[in-house]
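S.K.: I'd like to ask you about the structure that follows.
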Amino acid sequence: MQTARRMKRIAPSPTLAIDAKAKQLKAGGVDIINFGAGEPDFDTPDYIKNAAMEAIRAGYTKYTPASGSQELKEAVCDKLKRENGLDYSMKQIVINCGAKHSIYNIFQVMLNPGDEVIIPAPYWVTYPEAVKLAGGRPVVMKTTDKNEFKITAANLRRRIKPKTKMLIINSPGNPTGTVYSETELRDIMKVAVAKKIFVLSDEIYEHLTYDGMRHVSAAAVLPEAKDWTLVVNGVSKSFSMTGWRIGYTAGPEDIIADIGTLQSHSTSNPASISMKAAVAALTQPASVLPEMQRAFNERREYVVGRLNAMPGVVCQKPRGAFYVFPNVSGVLAKSLDGKVIGTSMRLAEYLLDTARVAVVPGDGFGADDYLRISYATSMANLQKGLERMEQALQAVN
Ligand code: PMP
Ligand code: GLU
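Residues in the sequence shown are numbered consecutively from 219, following my numbering.
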């Protein structure tokens, strides 16, 4: 069957593919340690589950406005004011089916054919594909670990061309854990505002920062920044609600209205029951966060220490999210079965086959010298998986 040409330009999500493969092997009885999953290993808190069960019992099981329930928009407005110092009206908020959906919608609504979007690399796997699906052109801006994988305002200014429509900022970032400071963000936003480019600020990991780093929204660093920013956030990571599929977007009213129109002909409203659960998450005192933050911080220290002791591996300590992104170029230069390993994909396959450890190759994030390891798994799994990984790496030379 001949499907549309646009489908030939995109690849399946490697993060979801590896997670699915690891889960399938595990279900089949194979002793796999899964470092692929980008989801907290904590259960959704009971007070959130109860709100959903109450919604079902009360018959809150019908269509809501396509752009989301009034009640959840209010909760999002309050959250953005309380936690991010951002004043939005209800008409500047739209509820989406997960933050991934927010990103998809934004590009569908913003891009004309050939419009360019600057994407700092390493990037989250979905960004370039979502841009391409909307007919846009991803323009990758490489960063290095020498600058904590950050772009600078000066670099950005040089990259902006007449076709540049948007920039993506993801802080704290997936896969690098990079967290931009307020000053760095302000300098970047000054360039964006002066050059009239919109910034998609993906803030899904905002609550996961370490070493005293504080998340600041790109929309809040300058008075004019809000007019040029589309803030993307959701409940997946902060409240361990990945399966509930609730994300949201805040931005200029006309853009938000267009996203509502798009949803009215695509998904309609996000699940009414999940929206009730998200209201509970955003309005009741968070109980799961401090526990998650403590556990992730402890695991981060452990994982970075273990990785840096492995031959050919160099790992920076990330400042946010729940991933480490070690440089494995020292391993890729070694050989397996008489052939240089060469690519992150081949190394990841070797680790899966030999150590039964699932990691995501850096290739999908635009950085082939790296692997991504999620530490959103128990300390026992981390100990076991890293032990096996070390043994497997000692065996190549
Ligand atoms: N942005 C980033 C950077 C992510 O890592 C994820 C993880 N899935 C998302 C957005 C999407 O989250 P959601 O589950 O809300 O779609
Ligand atoms: N964002 C997570 C990750 O990067 C979940 C998987 C996905 O949505 O791609 O692993």
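A virtual CB, placed ideally from N, CA and C, is assigned to each residue, including glycine.
Source: prediction; values computed, not measured.
1) Does DSSP put Met-384 in a helix, a strand or coil?
2) Under 7 Å from any heavy atom of ligand 1, does the C-beta of Ala-317 make it?
3) Are Tyr-541 and Ser-592 closer than 8 Å when you measure CB to CB?
4) Helix, strand or coil: which one does DSSP assign to Ser-419?
5) Since Tyr-341 and Phe-583 should fall inside the 8 Å C-beta cutoff, what is the C-beta to C-beta distance between them, to a whole number of angstroms?
6) Tell me whether Val-248 is buried or exposed, calling it buried when 16 or more other Cβ atoms sit within 10 Å of its Cβ.
7) Taking only heavy atoms of ligand 1 into account, decide whether any of them is closer than 7 Å to the Cβ of Ser-454.
8) Expressed to the nearest angstrom, what Euclidean distance is found between the alpha-carbon atoms of Gly-277 and Pro-283?
9) The beta strand (DSSP E) spanning Arg-517 covers which residue range?
10) Rounded to whole angstroms, what's the CA-CA distance from Ile-228 to Lys-318? Just pull it up for me.
11) For Arg-537, name the three-state secondary structure that DSSP assigns.
12) So for Val-397, helix, strand or coil by DSSP?
13) According to DSSP, simplified to helix, strand and coil, what is Pro-529?
14) Can at least three beta-carbon pairs, one atom from the stretch 282 to 302 and one from the stretch 391 to 401, be found at a separation below 8 Å?
15) Using a Cβ-Cβ cut-off of 6 Å (strictly less than) and excluding sequence neighbours within five positions of Cys-533, which residues of its own chain qualify?
16) Can you tell which of Trp-446, Tyr-398, Leu-565 and Ile-250 has the C-alpha that lies nearest to the C-alpha of Thr-370?
17) Quick one: is the Cβ of Ile-313 within less than 7 Å of any heavy atom of ligand 1?
18) Which of the three DSSP states, helix, strand or coil, is assigned to Asn-392?
M.R.: Short version:
1) As a working mapping, residue 384 is identified with position 166 in the sequence shown. DSSP places Met-384 in strand when its eight states are reduced to three.
2) By one-based count along the sequence shown, residue 317 stands at place 99. Yes, Cβ of Ala-317 sits closer than 7 Å to a heavy atom of ligand 1.
3) Numbered from 1 along the sequence shown, position 323 holds the residue referred to as residue 541. Numbered from 1 along the sequence shown, position 374 holds the residue referred to as residue 592. For Tyr-541 and Ser-592, yes; Cβs fall inside 8 Å.
4) As a first step, residue 419 is located in the sequence shown; it is residue number 201 there, counting from the start. Under the three-state reduction of DSSP output, Ser-419 falls in the strand class.
5) For the purposes of this step, residue 341 is identified with residue 123 of the sequence shown, where counting begins at 1. For the purposes of this step, residue 583 is identified with residue 365 of the sequence shown, where counting begins at 1. Going by Cβ atoms, the distance from Tyr-341 to Phe-583 rounds to 6 Å, so yes, they are a contact pair.
6) As a first step, residue 248 must be located in the sequence shown, where it is residue number 30. It is exposed - the Cβ of Val-248 has fewer than 16 other Cβ atoms within 10 Å.
7) Walking along the sequence shown from the start, residue 454 turns up at place 236. Result yes, Cβ under 7 Å from ligand 1.
8) Along the sequence shown, one-based indexing puts residue 277 at 59. Along the sequence shown, one-based indexing puts residue 283 at 65. Taking the straight line from one Cα to the other gives about 16 Å.
9) As a first step, residue 517 is located in the sequence shown; it is residue number 299 there, counting from the start. Taken as a continuous stretch (DSSP letters only), Arg-517 belongs to no beta strand (DSSP E), being part of the alpha helix (DSSP H) at 507 to 526.
10) Within the sequence shown, residue 228 is the residue found at index 10, counting from 1. Within the sequence shown, residue 318 is the residue found at index 100, counting from 1. Whole-angstrom Cα-Cα distance: 15 Å.
11) Residue mapping note: residue 537 aligns to position 319 of the sequence shown, counting from 1. In the structure shown, Arg-537 sits in coil (DSSP, three-state: anything other than H, G, I, E or B).
12) For the purposes of this step, residue 397 is taken as residue 179 along the sequence shown, with counting starting at 1. When DSSP states are grouped into helix, strand and coil, Val-397 belongs to the coil group.
13) On the sequence shown, position 311 is the one that residue 529 refers to. Coil.
14) Note that the stretch 282 to 302 does not touch the stretch 391 to 401; fewer than 3 beta-carbon pairs, one per stretch, sit closer than 8 Å.
15) Here residue 533 is taken as the residue at index 315 of the sequence shown, counted from 1. Apart from the 5 residues on each side of it in sequence, Cys-533 sits with its Cβ closer than 6 Å to the Cβ of Val-522, Leu-525, Asn-526, Val-542 and Pro-544 in its chain, given in chain order.
16) Against the sequence shown, residue 370 aligns to sequence position 152. Of the candidates Trp-446, Tyr-398, Leu-565 and Ile-250, the one whose C-alpha sits nearest the C-alpha of Thr-370 is Tyr-398.
17) Against the sequence shown, residue 313 aligns to sequence position 95. No, since every heavy atom of ligand 1 falls outside the 7 Å radius drawn around the Cβ of Ile-313.
18) Sequence index remark: in the sequence shown, residue 392 carries index 174 (1-based). DSSP places Asn-392 outside both helix and strand once states are collapsed to three, so it counts as coil.
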